[in-house]
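K.L.:
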Amino acid sequence: MVKNYKSQFVAVIIFVVCMAFAWLYPLKSVNVTLLMEFSGAEDGASAELLIDRGNGEELLARATVFSQQAQFRFDPLYYNFEKIGIRVSETGRTPALETVRAYSGKYDISKDSLICESVIGSQMQSQQQGVFYFELDSRTTDQLYNTVHQNYTIRWVLTGIFSIVFLMALLYMSKQRQKDWNKLLRYGLLIFCGIIVIYVLFNSDFNREEALNPVRLSETAVTSDDAENLPESEPELRGISLNQPIKQRFTTVFEKIQNLKLYFQPSKIEVSEEAQEKINGVIGVRLLNQDSQIVSSGVFSALEIQTTGYLELKVRESQSRLGENYSIEIVPLSGNFPADLQILAERGSFEDAQMLTVGEKAETDMVLRCDIGYAGTSRIPQIRTLVLIGLFLLLIFTVAYRKLHIKSETAALFIYLGMFAYSVGQVIFYMMYVGNTPDEAAHVSYIAYLMQTGKIIPDFSQMQMLSISGSTAAFVDGTVNQLGHPPLYYLVMTLCKPIEIIGENSFLIHFTRLRLFSAAFGLLALAIAFYIGYTRITKKQPALHLLYSAIITSVPMFLYNLCGVNNDTFALLGCVLFFLGILRVCEEKRNYATYFLIAGGLVIAVLSKVTAGMLIGLTAIIYVIWYCIKHKSIKLICCKQFLISLPVYLVAVGYFVIVYLEFHTLQPDLSSINPEYYQASPFFVNFEDRTVMSMFDYSLLYWKNFFDTWTAVASHTSLYKLDHWTSYDRILTLLIFFVPILLFFVRKSKKYIAMLIGFYVSLAVVVWMQFQRAFETYFYVAGYTGAYQTRYYLCVLPILAFIAVYLLQMLTERKEKPSAESERCHEGMIILSPNRVAVTISIVASIGLLYSGFVYFLFNYFGY
């Protein structure tokens, strides 16, 4: 009996030993900070923390009392203490020690957690020559001692790791004893994952709120439409002397302030080492709520500020709400300061961010340069963990579907369903937590103009920009909407009645309704793209379907773009409809549905975004020319199906004729709509202010920015990847653009190759046209260095994904005769067949792409 279960018995013993290690090994707390709270202590008083380890008292740290608090970092060398004392020097009052709190940064990060609190309420032990001495009572001392010697978070993490490994070992051992291993694996994984999901959702360790992107104080009073029109230049900065207290008022724009970061202008005078030793000045900073109660305070060394150029005040246990009035006070306390060390302020016009010095109002157009970090009410850790669990299960499912007795066709279908749910979740997440999609205010202004005037084709010269405040808006006189796009998308958006006209020039905007309605068309396009993959990619290898869906959903801007109001959703829908139609042409399915798919897709694309229409229109022209030459026939376009679909094309032709007669261009831009307004906009740089670059330097800058935006979230809210282009989080995404080059090196007799080559040539032509226009605009017209965005090509991302997977599919279709040498290989040796190579590439590339997309965003954006 024991022999039969020998392996399991050994596993249990190892597990018990590991658990004993996790709970008995002395794992101490890290980054411990002691916060002493007094009553009756004056700002600027000196405090000392004394430790007795059995050999008499030793000085551990000094601090300056500010806002009745003194904060000490606890050196781990002194964890084995017997007594703790605090010495406070006073000049006028008699202080009392009220509370002692211990904080710990878990996992060695800066986010502190309260690990111990004790109310003292005790009197001083002694007083001598203005120095007051306190000694912590035995109860508080024992409580602190136990706290710093027990790191329960690490112990629970180790317990989870050991338990998972133990469970997996038992499952593996049971494989040798049970025939129905597949059923055990299937239900075991489901139960285990269910436990993990429940733990993640409801355990408090995973329910910690995480900081939102810091908000610059000078931006809190700028509306979204104003922000879009501000030039991307550094604001005017000015230094303010620290020889007097400074108070900055502001209004919160999110919930729960987490930290403040104030910026300084270090002294420009070189300081010798001898002089540095004399710089002992300290600055007190405190945050007060609208009831003038201290929320958080801290004391900072002037020498440290001189070195770093900033200070950061952490706010613990903040309960601030949206729209509350808060204030920051900066008080020079004592000591010598570096010459001309100043705190920075920046210019702007702000009603709710007033700066005061010594109680008097300073310049009304200056505010402190300060970043405010908010905790908000986000559930980022849970979302991040659930995403990782879901993607991990999807990868396991893709690899082990045969073990689960699932057909490859069913596995491919489940992959698409899982990836579609993942995509919907991303869109909702971006909509709730991020927002600020490109030019959303301009797109909403376009819709409001159509609803107000009732026009089908707008008069672009009369379209103004809305000033949006919350959900209300009004057109601003003297502004011009820079969007000259065709109106199809905006006309369709009016169908959901997203904007109510509540006055002569006043609108109520239902943003949620508008964004959801717009996103629905983008998700419909994504569903069609997945349908194309499911029906055109071989179902024998589900890994290829995972790669196809991973490419589409992992380019950072693709799904982020769907969460806002912009015409890219219709451009995407038009492109996938066109792609489905032209695939059917290649498959000889030339019926009415095929020709109307092509016509409808092309017209939807070109009447939504001219770039998208040009790209797929040029693809169609190249393919028709190739077909006519190869087959020496024009039956592809001289057939009743094409002739009956011609009226669809005439809708687009009619629109562009009308626009051309009015503006003498197929797509009006700001320079043709209103030249004077254009020259006063951020898109035009006065000649004397232009940056001088050679053609080579500009080309390098353009293409760097071009590909940077392909691997990043690039909008009014951005997350750029600053690593080298060969880094693991960028290279696979960049390769999506270049893999189609391989089309030129495969046999052209394959079903889709000629059409796909035509598409890639069209893409290269349109990309070059964009570069040429930007080049000419910079050097000969406006000196504007923008116009390098790659989001114009997100609409054809499904086609690029199809090309990459189709090339791998051709590798799986290669049939190699087994050689005599391979037949003599030992049993169990892995043979690198083309099929295995393709599957391995698909799995590895899918993992990299999934990480470089949404997973990378979750791990990096909220600390960016």
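In the UniProt record's numbering, the protein residues as written are 1 to 864.
Ideal Cβ placement from N, Cα and C applies to all residues, glycine included.
Being a predicted model, the structure only gives us computed values, none of them experimental.
Quick check on the DSSP output: the beta strand (DSSP E) that includes residue 145 runs from which residue to which?
P.N.:
Run containing residue 145: none in the beta strand (DSSP E); it sits in the alpha helix (DSSP H), 138 to 148.
K.L.:
Would the stretch 533 to 547 count as touching the stretch 479 to 488 if we require 3 or more Cβ pairs under 8 Å?
P.N.:
With the cut-off at 8 Å, the stretch 533 to 547 and the stretch 479 to 488 do not touch.
K.L.:
From residue 98 to residue 337, what does the alpha carbon distance come to, in whole angstroms?
P.N.:
Going from the Cα of residue 98 to the Cα of residue 337 covers about 32 Å.
K.L.:
Evaluate residue 545 with the Cβ neighbour count: other Cβ atoms within 10 Å of its Cβ, from every protein chain shown; 16 or more gives buried, anything less gives exposed.
P.N.:
So residue 545 ends up on the buried side.
K.L.:
With three or more beta-carbon pairs closer than 8 Å as the criterion, would you say the stretch 641 to 651 touches the stretch 773 to 785?
P.N.:
The stretch 641 to 651 vs the stretch 773 to 785: no contact.
K.L.:
To the nearest angstrom, report how far apart residue 758 and residue 370 are at their CA atoms.
P.N.:
So the two alpha carbons sit approximately 52 Å from each other.
K.L.:
Where DSSP assigns a beta bridge to residue 587, which residues make up the other side?
P.N.:
DSSP lists no partner for residue 587.
K.L.:
If you draw a straight line from the alpha carbon of residue 742 to that of residue 513, how long is it in whole angstroms?
P.N.:
Distance between the alpha carbons of residue 742 and residue 513 is about 44 Å.
K.L.:
Tell me which residue opens and which closes the beta strand (DSSP E) that residue 62 is part of.
P.N.:
Residues 57 to 64.
K.L.:
For residue 36, list the residues DSSP reports as bridge partners.
P.N.:
Answer is 70 and 100, bridged to residue 36.
K.L.:
Do residue 601 and residue 617 have their C-beta atoms closer together than 8 Å?
P.N.:
No, Cβ-Cβ distance for residue 601 and residue 617 is not below 8 Å.
K.L.:
Could you say which of 474, 492 and 480 lies nearest to residue 501 if we only look at CA atoms?
P.N.:
Answer by Cα proximity: 474.
K.L.:
Got a sec, what are the start and stop residues for the beta strand (DSSP E) residue 773 sits in?
P.N.:
It is not in any beta strand (DSSP E) - residue 773 instead sits in the alpha helix (DSSP H) that spans 753 to 776.
K.L.:
Quickly, what does DSSP pair residue 332 with across the bridge? List them, please.
P.N.:
Looking at the DSSP assignment, residue 332 forms a beta bridge with 283.
K.L.:
Quickly, what does DSSP pair residue 387 with across the bridge? List them, please.
P.N.:
Answer is none; residue 387 lacks a bridge partner.
K.L.:
Taking the straight line between their C-alpha atoms, what separation do you get for residue 403 and residue 393?
P.N.:
Rounded to the nearest angstrom, the two C-alpha atoms are 14 Å apart.
K.L.:
Out of 442, 803, 297 and 753, point me to the one whose CA is closest to residue 463's CA.
P.N.:
Comparing Cα positions, the closest option is 442.
K.L.:
At the level of alpha carbons, what is the spacing between residue 566 and residue 440?
P.N.:
Looking at the two C-alpha atoms, the distance is approximately 6 Å.
K.L.:
Hey, is residue 601 close to the ligand SAM, as in C-beta under 7 Å from one of its heavy atoms?
P.N.:
Among the components of this structure there are no ligands whatsoever, and the ligand SAM is therefore not found.
K.L.:
Work out the CA separation of residue 266 and residue 305 for me, nearest whole Å.
P.N.:
If you take the alpha carbons of residue 305 and residue 266, they lie about 7 Å apart.
K.L.:
Closest by CA to residue 281, which one among 260, 264, 303 and 698?
P.N.:
The shortest Cα separation from residue 281 among 260, 264, 303 and 698 belongs to 303.
K.L.:
Can you tell me which residues form a DSSP beta bridge with residue 134?
P.N.:
According to DSSP, residue 134 bridges with 86.
K.L.:
Taking DSSP as the reference, what is the three-state secondary structure of residue 342?
P.N.:
Residue 342: strand per DSSP, three-state reduction.
K.L.:
Any idea if residue 20 is buried or exposed, counting beta-carbon neighbours within 10 angstroms, 16 or more meaning buried?
P.N.:
With fewer than 16 Cβ atoms within 10 Å of its Cβ, residue 20 is classed as exposed.
K.L.:
Would you mind working out which of 450, 461, 711 and 684 sits nearest residue 493, comparing C-alpha positions?
P.N.:
Here the closest residue by C-alpha is 450.
K.L.:
Less than 7 Å between C-beta atoms, sequence neighbours within five positions excluded: which residues of the same chain meet that for residue 208?
P.N.:
Confidence is the limiting factor: at residue 208 the pLDDT is only 45, short of 50, which leaves the residue's position unreliable, though a coordinate-based value still follows. Result list for residue 208: 381, in chain order.
K.L.:
Short of 7 Å in beta carbon distance, which residues of its chain neighbour residue 458, apart from the five on each side in sequence? Order them along the chain.
P.N.:
Once the five neighbours on either side are set aside, the close Cβ partners of residue 458 are 449, 450 and 487.
K.L.:
Pick helix, strand or coil for residue 634, following the three-state DSSP scheme.
P.N.:
DSSP places residue 634 in coil when its eight states are reduced to three.
K.L.:
Restricting to Cα atoms, I'd like to know which of 253, 395, 255 and 405 is closest to residue 415.
P.N.:
Comparing Cα positions, the closest option is 395.
K.L.:
Exposed or buried, residue 869, counting other C-beta atoms within 10 Å across all chains shown (16 or more means buried)?
P.N.:
The question about residue 869 has no answer, for the chain in this structure spans 1 to 864.
K.L.:
Mind checking which residues open and close the beta strand (DSSP E) that includes residue 304?
P.N.:
First-last for residue 304: 302 to 308, but that is the alpha helix (DSSP H), not the beta strand (DSSP E).
K.L.:
For residue 586 and residue 421, what's the separation of their Cα atoms in angstroms?
P.N.:
Their Cα atoms are separated by approximately 31 Å.
K.L.:
Verify whether the separation of the beta carbon atoms of residue 384 and residue 329 is less than 8 Å.
P.N.:
No, they are not a contact pair.
K.L.:
Counting beta carbon pairs with one atom in the stretch 28 to 37 and one in the stretch 71 to 85, are three or more of them shorter than 8 Å?
P.N.:
In short, these stretches touch, since the Cβ pair count reaches three.
K.L.:
Using DSSP with H/G/I as helix, E/B as strand and the rest coil, what is residue 934?
P.N.:
As shown, the chain starts at 1 and ends at 864. That puts residue 934 outside it, with no answer to give.
K.L.:
In this structure, how does DSSP classify residue 601 when only helix, strand and coil are distinguished?
P.N.:
Three-state DSSP puts residue 601 in a helix.
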